[in-house]
Each structure stands twice: as C-alpha cells, then as structure tokens.
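Sequential numbering from 1 applies to the sequence shown in the working numbering.
Structure first, then comments.
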Amino acid sequence: MATASPLPIPMSQLSRAVTDWVDAVAQLTQPESVHWCEGTRAEREALTSALVREGQLLKLDPKTYPDCHLYRSDPADVARVEHLTYICTRSKDDAGPNNNWMEPQAAHAKMRELFRGCMRGRTLYVIPYCMGPVDSPLARCGVEITDSAYVAINMLIMTRAGREALERIAREDTFVRGLHSTGELDPNRRFIMHFPEELSIESYGSGYGGNALLGKKCHALRVASWQARAEGWLAEHMLIVGLRDPRGATHYVAAAFPSACGKTNLAMLIPPDTLPGWEVFTVGDDIAWLHPGADGRLWAINPEAGYFGVVPGTNPQTNRNAYEMIRRDTLFTNVALTADHHPWWEGLPDGRPVTDWQGRPFDPARGPAAHPNSRFTVAATRNPACSPLIDDPRGVPISAIIFGGRRREVAPLVYEARDWAHGVLVGASVASETTAAAVGQVGVVRRDPMAMQPFCGYNFGDYWRHWLAVGARLSRPPRIFHVNWFRRDAEGKFLWPGFGENLRVLAWMLERCAGTAGAIDAGIGLLPRAEDLDTRGLKVEPQALATLLSVDAPLWRKEVSEVRAYLEQYGARLPQQMLAELSRTAAALGD
Ligand code: GTP
Ligand code: SPV
Ligand code: MN
C-alpha cells in the first residue's frame, strides 16, 4: 500500500467519489506514495526545492530573477500533440470532422494498459482545483492525478488548487476527473483522451502544458465546451481585457486568436504615449467562460489563475508588463541561459545565450537558443496590469468579441460583422498560419474556427448552432469583429506595428459600440477608413495603412468559396443560417 500525505481537509468532509477514485487509480498505477496537494505557498516551495535537489529544476540567478526556475523538457516533448488528441464520445458524429475520435470503451482499454503500474517507485499527486473564482456559480471543479511534480507545480500556479476546491467538490459532489502520467515520453505511447460524456480525461506520455496541465485545454475547453452546450453558455479560447477610456469608462472585450497569435500580448498591452488617458486591465489571457446574464448581456470569467505564456518575443518594447511580470516567482520551460544564469530568449535586446534550451553549448547552426514554444508559468497576480475583478464571482460584461488569425495576406487589419449571426460566420471562417505551439509544420494556413480547432470538444456544426442560439438569447449582444495584426509586405515585413498600437483598433471598436465611429461596408463586413482610426503619432506609411484597410475582391471571392467548401464538410449538422450569411457576403462581393 502506498504511503499517503496528510489530507488537506478531514476525511469525514471529503467527497467519497474523490477518495474512491484516488484509491482505484492507485490500485492501477501502483505509486510508492500519495501526495494530496493543499495549495499553499509553502507546499509549492517544498515541491520546487525537491526538484532543484533532484536536478530537474535549475535555480536562476536569485539577484536578478528571484524565485525563478528553469525546467528543460524532453526535447521531443515541447508542444501540444493534436494528432494524438481524441474526443471519445459514444457517437462519432458528436465529435465531428474537427476531432480525432475513438470509441470510449476501446479508448479506456488502451489507456488502462498504458497506466497499469506506471507510477511504480513514483509519487502520485492529487490536485483538487477550481476553474474560476471558488465562490462563483460559473466556476467548475476538477481533480487531476499526476505522477509529475513539475505538472503539480504548474497546476498550483495556474488554478485555484487545494483545500477550498476540495471543499467545493464535497458540497457539489461533481468534478472532472483528469488522470495524467508522463509515462516513458515515447511519442508512440502518447495519447490525450477526452470523455466529455463521463466528465473525464486520460493523458499519457507527455509532460507538456496543454497535454498535461489537465485543468487548462482538456478541462476548461474540451470538456467545458461540451458542458457549456448542454447548460447554455460558451467555453472559449479567448483573452479578456478591460479598457478604461480617457473619459473613465471601462469596457471589457474578449478575443479569440489561435495559439501563439497574440492573446497574452493583447490582454496586457501598454497604451502608447501618443494615446494618452487609456488604461488596460487583464482579466484573462487564454480562456474565457461566457454566460448570458439576466440583463441580456454576455458575462465572462477567466477560469484560470495564472498564465502559461509564450516567452520568445517578450521584451520591454513589445510587452513591458509581461517582461516585468516574469522577473520573479516564475517557472520557465525550455528557454536558454546566459553565463550568469539569467534566462534568455530570442527577442531580448541584450544578454548572450551560452546554453541552449536543451542544455547544450549554444550553437546558432542548430537553431534558436530558446525553443520557439518556450513558456513561462506565473501567477496572474504578478501582472502589473492585473484587473481587480479577476475574483469577481459574476465576471465582467463583454462589449465586443474579436476573432483573429495570423495571415500574411487576405485578411485586413480589422472589420466588423453585420450582426451576431454574421459574426458567427466570421468566427467560423478564421484561418491562421500554424505556430510552434503544436507539433507539426509551422507557417501553414489552416482553418481554425473561433481559434477552437484544437479545443472544441464536439462537432463544430453543433457548436456554431449553439453560438447562434446563445446570441438569440442576448438582448444586448456584444458586437463582433475580426482582426489581423500579421499582414506583411512583399519583403515579409509586418505592415502593422502591433502590440501597444493595437489599442487604436480597439478604440475604434469601442466607438463603434457607442455608435460614434464611421465605417464603410466592404462586402465582407464594415471597415474603418483611415480617418476613422486615431492615427495621431502612428508611424505607418499612408500606403501601408491603405493596404491594411483594403479588401481585394477577387481574393475574397476565392476565400468565400474556400469557406463554403470547408463548412459543407459539416453536412446536416451545419446550421443553414451560416450558408445564408455566406451567400449574403458572396453577393456583396459581386459573386
Ligand atoms: P497561446 O498561449 O499559445 O494561446 O498564445 P497567445 O495567443 O497568448 O500568443 P502570445 O500573445 O503569447 O503571442 C505569440 C507571439 O506572437 C509572440 O512571439 C509575440 O511576440 C507575437 N505577437 C503578439 N502580438 C503581436 C502583434 O500585435 N504583432 C506582432 N507582429 N506579433 C505579435
Ligand atoms: C496553446 O497552445 O494555445 C496554449 C499553450 O495556450 S497550451 O497550454 O499548451 O495549450
Ligand atoms: Mn492557448
């Protein structure tokens, strides 16, 4: 029998469902000991120190990076594995063409054999967690079991974990079960399985973020999107940001961009000096749970408590908030090191890498010093722009929803949807160049509806129908926009400066919401003219701005026919309203 740590709450107050499940998993996996996480700061420090002693974590220079550590993963375990990620529903059609599917009993049988005895000689960590403020009716709980202390430390930063979550689980008697083992890290024995009908997740063979921190993409998006559909809300891959305008009114915006396409950066942007009077508050940087409120508006909470963000590119010019935020109490994964044990990554203005992300002497011939998908894990409260409302049980009311992608051509800087139904089509039409956040080729344009292609736990056809239904319930729906910060010129240079300057686009959106800004109907939606944007102090050539704000009709007619072919894959599950909206756009483009 495994030895066990003290329980965070008295045995008599624990949910029987939790203890029974932990016992059954221990039977199957045979750990040497069981550690129940209580979620205290002291516990995180003890787990961290133990990994430093074992050589799994490296302490960074305590003078410049106090309480910061570096973790180097297995070199073949650095990103999400979409081809090994499955939705296991009884009916294959419920998972849809957007997901890999496996029959649930077959998936359980396969995973049981992988998990059998896999924790021999290891510690089994039990991490009870709550996604969202613990006193919020919109929050949902889960328990992750893992044999990785690195995963446990990440979960302690990323979620509200420990005693309070365990107490809520006992009260509600429902929770998402997430079982994780790093296994042998063999890519041929690696699977991320989801059983939304059973509220459970089984993940084996990877220690990387999205594959292993089960509260995040597995629970808060794939399983939660399924629950949200049944319960009438939305679980989305969106940041949430508060914008206080120069008159002092704060508006909240939610934005969905694919992985490594700018959510963290937009969520904590620094207003440029040339736009005085604005202030920005981060509510969330990756996931939003959106609920129709009694007032007819859409309300959002961030289910997470920390950020698991992309490191490369972070510097005082692009994102001073993030740069300051990760200078203490931060866990770095797969960055490079300087001679002084400072973390180093591509995009830093100074410092010199001597050791690459794999711990080898840095040799530029072998590629970048930091892995392009190197990440920081840090508590949200470390962000200088953190919103005072992150723990508000009601969340924040959303004025605008933004969809976006990374596209060197076609998509203009910004356009506005005609109405909610058209906005759902605009979201469903998102395409974006792939990034290092997932294993596979980088820079290939693919369709990524609502930035949810890797994360929607059910058939996209049903998902769009649900989006339409949610909109129909809102008497004051958010306006919907599409942006592209990543347009390039013939030499491959970005046409738009991005980062803080993106506030100019957000300001136009808020004026559209207030009914005070102009726009022209460009067929695909409503675009600002150059004079509708506040361009005071903006360093963009008029010609570049004209390109950014133009719609190339022949290119867009081709885009529309590609979107039609894409949507038609969803057959009878596709709401007819989507095709009607698309025909309206095609007609406006002269097709
Ligand atoms: P996930 O955590 O993977 O979901 O990513 P994310 O959407 O939060 O992306 P993030 O903000 O971390 O940005 C990813 C990369 O895009 C970083 O290297 C950024 O420096 C870069 N980036 C972000 N915003 C902009 C922008 O406005 N313009 C340009 N050119 N690059 C940007
Ligand atoms: C993403 O890939 O969208 C991320 C990082 O936010 S992960 O946690 O790996 O999903
Ligand atoms: Mn993400």
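For each residue, glycine too, the CB sits at the ideal point set by N, CA and C.
Because the structure is a prediction, the values reported are computed rather than measured.
Within the region 418 to 480, the runs of alpha helix (DSSP H) that reach at least 4 residues and sit entirely inside it are, in chain order, 420 to 428, 460 to 472. Separation of the CB atoms of Phe-257 and Ala-451 is rounded to 6 Å, and the pair is thereby assigned contact status at 8 Å.
Gly-284 carries a strand assignment under DSSP once its states are collapsed to helix, strand and coil.
Around the beta carbon of Lys-263, a 10 Å sphere encloses 16 or more other beta carbons of the protein chains shown; the residue is thus reported as buried.
In the structure shown, Thr-547 falls within a helical segment according to DSSP collapsed to helix, strand and coil.
Contact check for Glu-197 against Arg-122 fails: the beta carbons are separated by 8 Å or more.
Our two residues, Ala-411 and Ala-17, have alpha carbons roughly 50 Å apart in a direct line. DSSP places Tyr-566 in the uninterrupted alpha helix (DSSP H) bounded by 553 to 568. In the structure shown, Gly-523 falls within a coil segment according to DSSP collapsed to helix, strand and coil. Under the three-state reduction of DSSP output, His-180 falls in the strand class. In terms of Cβ geometry, Val-540 and Trp-496 form a close pair [threshold 8 Å]. Leu-234: member of the beta strand (DSSP E) spanning 234 to 236, first to last residue.
Rounded to whole angstroms, the Cβ separation of Cys-130 and Arg-160 is 5 Å, and the two are in contact under 8 Å. Gly-471 and Asp-534 have their C-alpha atoms some 30 Å from each other. Within the region 361 to 413, the complete beta strand (DSSP E) segments of 3 residues or longer fall at 375 to 379, 396 to 404, listed in chain order. Shown here for Pro-449: same chain residues with a beta carbon closer than 7 Å to its own, the five before and five after excluded, namely Gly-427, Ala-428, Val-430, Phe-460 in chain order. Between the alpha carbons of Val-439 and Met-238 lies a distance of about 21 Å. A residue is called buried once 16 or more other Cβ atoms fall within 10 Å of its Cβ, and Ile-520, having fewer, is exposed. Counting every other CB atom within 10 Å of its CB across the protein chains shown gives Leu-555 a total below 16, marking it as exposed. In chain order, Thr-314, Asn-315, Pro-316 place their CB closer than 7 Å to the CB of Tyr-323, counting only its own chain and leaving out the 5 sequence neighbours on each side. One alpha carbon belongs to Arg-447, the other to Gln-13, and they sit about 48 Å apart. Inter-residue distance for Asp-93 and Pro-104 is about 13 Å (C-alpha atoms, whole angstroms). Between Ala-2 and the set Arg-120, Thr-48, Arg-72, Pro-8, the nearest pair of CA atoms involves Arg-120.
Runs of the beta strand (DSSP E) lying entirely within the region 155 to 241, each at least 3 residues long, are 176 to 181, 191 to 195, 200 to 204, 234 to 236 in chain order.
Around the CB of Ala-565, fewer than 16 other CB atoms lie within 10 Å, so the residue is classed as exposed. Environment of the ligand SPV, chain-ordered: Arg-80, Gly-209, Gly-210, Lys-216, Lys-217, Ser-259, Asp-286, Phe-308, Ala-437, taking every residue with Cβ within less than 6 Å of a heavy atom.
In this structure, Val-396 sits near Ala-300, with a CB-CB distance shorter than 8 Å.
Between the region 177 to 188 and the region 213 to 231, the count of C-beta pairs closer than 8 Å reaches three or more; the two stretches touch. Asn-383 has its Cβ no nearer than 7 Å to any heavy atom of the ligand GTP. In terms of CA proximity to Glu-501, Leu-538 leads the group Leu-538, Lys-110, Thr-282, Tyr-65. Going by beta carbons, His-69 and Phe-332 fall inside the 8 Å limit. Between Met-155 and Glu-144, the C-beta gap is smaller than 8 Å, which places the two residues in contact. In this chain, the alpha helix (DSSP H) harbouring Met-325 covers 320 to 325. Put simply, the backbone Cα of Asn-321 is about 14 Å away from that of Thr-330. Cβ neighbours of Gly-492 within its own chain (closer than 6 Å, five residues either side excluded): none. Per DSSP, the continuous beta strand (DSSP E) segment holding Pro-128 begins and ends at 123 to 131.
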